[in-house]
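Q:
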Amino acid sequence: MKRIILSIALILAMCNMTLTSFAASTENRSDFKNSESLGRIHKRLADGFKLLRQQVVKSPDGFIKYPYLIPAGFYSQLWDWDAFFMANHFISKGEPEYMKNWVLTFSQGIDKDGYVAGCMTSKGPRQAYSGKFAMKPFLSQGAYQYSKATGDWEWIRPIYNDLERVLDYRRSTQLDSISGLYFWEIAMQSGADNNPALNYFKDDSRSFISVDASAFQYGEILAQAAIAEKLGMKADATRLRKEALGIKTALNEICWNEDDGCYYNVDRDSHEQYKRVGYSTFVPLFYRMAPEDRGRRMISRYMLEEKHMKAPHGFRSLSASDVDYNNKNIIVPFSNWQGPIWGITSYIYSVGLHYYGFDEDVAWMAEKVGGLMAKDLDEYGTMHETYHAETGEPLAPSNFKYRNPDGSIQGFVSWNLCMENILEGLLQGKWMLLDIDDM
Numbered sequence: 000m001k002r003i004i005l006s007i008a009l010i011l012a013m014c015n016m017t018l019t020s021f022a023a024s025t026e027n028r029s030d031f032k033n034s035e036s037l038g039r040i041h042k043r044l045a046d047g048f049k050l051l052r053q054q055v056v057k058s059p060d061g062f063i064k065y066p067y068l069i070p071a072g073f074y075s076q077l078w079d080w081d082a083f084f085m086a087n088h089f090i091s092k093g094e095p096e097y098m099k100n101w102v103l104t105f106s107q108g109i110d111k112d113g114y115v116a117g118c119m120t121s122k123g124p125r126q127a128y129s130g131k132f133a134m135k136p137f138l139s140q141g142a143y144q145y146s147k148a149t150g151d152w153e154w155i156r157p158i159y160n161d162l163e164r165v166l167d168y169r170r171s172t173q174l175d176s177i178s179g180l181y182f183w184e185i186a187m188q189s190g191a192d193n194n195p196a197l198n199y200f201k202d203d204s205r206s207f208i209s210v211d212a213s214a215f216q217y218g219e220i221l222a223q224a225a226i227a228e229k230l231g232m233k234a235d236a237t238r239l240r241k242e243a244l245g246i247k248t249a250l251n252e253i254c255w256n257e258d259d260g261c262y263y264n265v266d267r268d269s270h271e272q273y274k275r276v277g278y279s280t281f282v283p284l285f286y287r288m289a290p291e292d293r294g295r296r297m298i299s300r301y302m303l304e305e306k307h308m309k310a311p312h313g314f315r316s317l318s319a320s321d322v323d324y325n326n327k328n329i330i331v332p333f334s335n336w337q338g339p340i341w342g343i344t345s346y347i348y349s350v351g352l353h354y355y356g357f358d359e360d361v362a363w364m365a366e367k368v369g370g371l372m373a374k375d376l377d378e379y380g381t382m383h384e385t386y387h388a389e390t391g392e393p394l395a396p397s398n399f400k401y402r403n404p405d406g407s408i409q410g411f412v413s414w415n416l417c418m419e420n421i422l423e424g425l426l427q428g429k430w431m432l433l434d435i436d437d438m
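Numbered according to numbering that gives the first Met the number 0, the sequence shown terminates at residue 438, and the numbering increases by one at each position without gaps.
#1: Using 10 angstroms around the beta-carbon of L11, count the other beta-carbons present and answer buried if the total reaches 16, otherwise exposed.
#2: Closest to Y346 by CA distance: which of E366, D167 and I329 is it?
#3: Classify L433 as buried or exposed, calling it buried when 16 or more other Cβ atoms lie within 10 Å of its own Cβ.
#4: By the 10 Å Cβ neighbour count, where 16 or more other Cβ atoms means buried, how is G351 classified, buried or exposed?
#5: Using three-state DSSP, classify T390 as helix, strand or coil.
#6: Determine the extent of the beta strand (DSSP E) in which T120 is found, giving its start and end residues.
#7: Could I get the ranges of all uninterrupted beta strand (DSSP E) runs contained in the segment 103-168, with 3 residues as the minimum, in chain order?
#8: Within 10 angstroms of its Cβ, does T25 collect 16 or more other Cβ (buried), or is it exposed?
#9: Could you tell me how far apart the beta carbons of I435 and A222 are, in whole angstroms, since I believe they sit closer than 8 Å?
#10: Excluding sequence positions up to five away, which residues of its chain have a Cβ less than 8 Å from the Cβ of Q76?
#11: Which term fits R205, buried or exposed, when burial requires 16 or more other beta carbons within 10 angstroms of its beta carbon?
#12: For A22 and F285, what's the separation of their Cα atoms in angstroms?
#13: Closest to G179 by C-alpha separation, out of D151, S209 and E153, would be which residue?
#14: Below 6 Å CB to CB, which residues in the same chain sit around S129 once its five sequence neighbours on both sides are set aside?
#15: Which value, in whole angstroms, describes the spacing of the CA atoms of V412 and G424?
#16: Quickly, what does DSSP pair Y273 with across the bridge? List them, please.
#17: Since I believe G342 is in contact with W414 (beta carbons under 8 Å), could you give me their beta-carbon distance rounded to a whole number of angstroms?
#18: Whole alpha helix (DSSP H) runs in the segment 292-378 with 4 or more residues, listed along the chain?
#19: Are the CB atoms of Y324 and G338 within a distance shorter than 8 Å?
#20: From the DSSP output, read off the bridge partner residues of V56.
#21: Assuming the contact rule is C-beta atoms closer than 8 Å, L166 and E219 should be a hit. Round their C-beta distance to whole Å, please.
#22: Can you tell me which of the three DSSP states R100 falls into?
#23: Which residue wins for smallest C-alpha separation from R39, given the options D292, V56, E419 and D437?
#24: Below 8 Å on the Cβ atoms is my contact criterion, and I expect W183 with K99 to pass it. Report the Cβ-Cβ distance as a whole number of Å.
#25: To the nearest angstrom, report how far apart G123 and R300 are at their CA atoms.
#26: By DSSP, does Y74 sit in helix, in strand, or in coil?
#27: Measuring CB to CB, does A388 end up less than 8 Å from G277?
#28: Between which two residues does the alpha helix (DSSP H) harbouring Y217 extend?
#29: Looking only at its chain, what residues have a beta carbon closer than 7 Å to the beta carbon of D437, apart from the 5 residues adjacent to it on each side?
#30: Going by DSSP, which residues form a beta bridge with Y181?
Take a look at the structure:
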């Protein structure tokens, strides 16, 4: 693979897809405000989530000095992207403080090199798996989303250099110097634990330029640029925006396959695209990194196609045409991203679908997956983490072993709370897009 040379013409072309093209794609969308089915599901979830939100809030404990959010059930730790998405849900409910608490807690876990673990416990940062598995790239985005919601930016100033150090650490450990894109050390680090588009066993030494790692980092750098602008650090803001644009351009040059109409991960040794279609394939759409024609083509060809992502009960986490597609009930030793429906994938997909003009399909998914969650609330008073894409059967957790102090069932309550935000977008126009002003 030759070193990427970013021409001014190409950069301008990649930029020329923002406000005008995306505004055009949002015209003539259907009005879902009068949908009785979506209205019933929304009411059931909104009522049920009032109680379930109480289960994810924990009081300060040891190393964690502020109230914090956990995935209810057998988890008691503060996790990176679980709590990021939950905290954004809480922002939408007028409780932004949990996002600030999340940022400050992870910030106090940053070491001298800029490494910060992906999980915090009452005893301090948790060293998960092996090696230095850094938290996923959401720290600057969390700081940005809190400040955007509250108008308070000055609280970031004391930790601004810490956030910069985290970005530098990721550049030194996960940036492919040839392509200018990012990779995960192993699938477990990505959070999509057994994503077959990555190496997910330790004895698999392959390394892949990853579309989700690059997209998340693109958002992280843009968020840091916006923070720098707000704090009066103009040179930093300019530098960071230029860096983010380089990631966006390189992703569209290297990971896009024009014949297939899809983004693929790329083997860092062979420089060949690794042709697997799954959850991570669509993460660039969450950040509007694809030109409109590419995004719409990829959604139509893969997301809305039954032989790929569209299942009877929602959108799969892996294409049904993939040799590894399955709906096994797996959480330990790692959770299953090879087919089952997840609340978090449903949310991430919904944002991309909305950006590229597919609200009808967001509504279809919300009715299917929101309906599964409403059924869970009716039958169990809580929810599951994953669902069988073909049958709708609740999967993990397979048995409700854990109980609340009052004896009631503890299921899984985490980023599946974002389903309420999807429904609010459709019914009330209150979309939780997590966009960054510079996108």
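Just so it is clear, CB atoms sit at the ideal spot from N, CA and C, and this is done for glycine as well.
Quantities reported herein were computed from a predicted structural model and do not represent experimental measurements.
A: Let me lay it out:
#1: Here residue 11 refers to the residue found at position 12 of the sequence shown. Residue confidence is low: L11 scores 41 on pLDDT, short of 50, so the model does not pin down where it sits. No coordinate-derived value is stated.
#2: Taking the first residue of the sequence shown as position 1, residue 346 is located at position 347. Residue E366 is the option with its Cα nearest to Y346.
#3: The residue you call residue 433 lines up with position 434 of the sequence shown. Buried, by the Cβ-count rule.
#4: Numbered from 1 along the sequence shown, position 352 holds the residue referred to as residue 351. Buried: at least 16 other Cβ atoms inside 10 Å.
#5: Here residue 390 refers to the residue found at position 391 of the sequence shown. Of the three classes helix, strand and coil, the one that applies to T390 here is coil, per DSSP.
#6: Residue numbering aside, residue 120 sits at position 121 when the sequence shown is read from its first letter. Its beta strand (DSSP E) spans residues C118 to T120.
#7: 118-120
#8: By one-based count along the sequence shown, residue 25 stands at place 26. Residue confidence for T25 is low, a pLDDT of 43 falling below 50, so the modelled location carries little weight; the figure read from the coordinates is stated next. It is exposed - the Cβ of T25 has fewer than 16 other Cβ atoms within 10 Å.
#9: Counting from 1 along the sequence shown, the entry for residue 435 is found at position 436. Counting from 1 along the sequence shown, the entry for residue 222 is found at position 223. The Cβ separation is near 5 Å, so the contact holds.
#10: Within the sequence shown, residue 76 is the residue found at index 77, counting from 1. I69, C118, M119, T120 and R125, listed in sequence order.
#11: Numbered from 1 along the sequence shown, position 206 holds the residue referred to as residue 205. So R205 ends up on the exposed side.
#12: For this step, residue 22 is matched to residue 23 along the sequence shown. For this step, residue 285 is matched to residue 286 along the sequence shown. Reliability fails at A22, whose pLDDT of 38 lies under 50, so the model's placement of it is uncertain and the value that follows must be treated cautiously. Spanning the two alpha carbons is a distance of roughly 16 Å.
#13: If you number the sequence shown from 1, residue 179 lands on position 180. G179 has its Cα closest to that of S209, out of D151, S209 and E153.
#14: What you label residue 129 is simply residue 130 of the sequence shown in a count that begins at 1. Its pLDDT being 49, under 50, S129 is placed unreliably in this model, and the value from its coordinates should be taken loosely. Within the same chain, S129 has no close Cβ partners at all.
#15: Within the sequence shown, numbered from 1, the residue matching residue 412 stands at position 413. Within the sequence shown, numbered from 1, the residue matching residue 424 stands at position 425. Each residue's alpha carbon lies about 21 Å from the other.
#16: Your numbering for residue 273 matches position 274 in the sequence shown. Answer is N264, bridged to Y273.
#17: As a position in the sequence shown, residue 414 is number 415, starting the count at 1. As a position in the sequence shown, residue 342 is number 343, starting the count at 1. Confirmed, about 6 Å.
#18: 342-354
#19: Mapped onto the sequence shown, residue 338 falls at position 339. Mapped onto the sequence shown, residue 324 falls at position 325. Yes. Within cutoff.
#20: Translated into positions along the sequence shown, residue 56 becomes position 57. DSSP lists L68 as partners of V56.
#21: Indexing the sequence shown from 1 puts residue 166 at position 167. Indexing the sequence shown from 1 puts residue 219 at position 220. Between E219 and L166 the Cβ distance is about 7 Å, and since that is below 8 Å, they are a contact.
#22: Counting from one through the sequence shown, the residue named residue 100 turns up at place 101. Looking at the sequence shown, residue 100 is not Arg but Asn. Here N100 sits in helix by DSSP.
#23: Locating residue 39 in the sequence shown gives position 40, counting from the first residue. Comparing Cα-Cα distances from R39 to each of D292, V56, E419 and D437, the minimum goes to E419.
#24: Stepping through the sequence shown from its first residue, residue 183 is reached at position 184. Stepping through the sequence shown from its first residue, residue 99 is reached at position 100. Not confirmed; about 28 Å, so no contact.
#25: Here residue 123 corresponds to residue number 124 of the sequence shown, with the count starting at 1. Here residue 300 corresponds to residue number 301 of the sequence shown, with the count starting at 1. Their Cα atoms are separated by approximately 45 Å.
#26: Along the sequence shown, one-based indexing puts residue 74 at 75. Coil, per DSSP.
#27: Position 389 of the sequence shown, counted from the start, is the residue given in the question as residue 388. Position 278 of the sequence shown, counted from the start, is the residue given in the question as residue 277. No, Cβ-Cβ distance for A388 and G277 is not below 8 Å.
#28: As a first step, residue 217 is located in the sequence shown; it is residue number 218 there, counting from the start. It spans V210 to K229 - the alpha helix (DSSP H) in which Y217 sits, taken as one unbroken run.
#29: The count along the sequence shown starts at 1 and reaches residue 437 at position 438. Here the set comprises L221, A224, A225 and R240.
#30: Taking the first residue of the sequence shown as position 1, residue 181 is located at position 182. According to DSSP, which records beta bridges pairwise, Y181 is partnered with L174.
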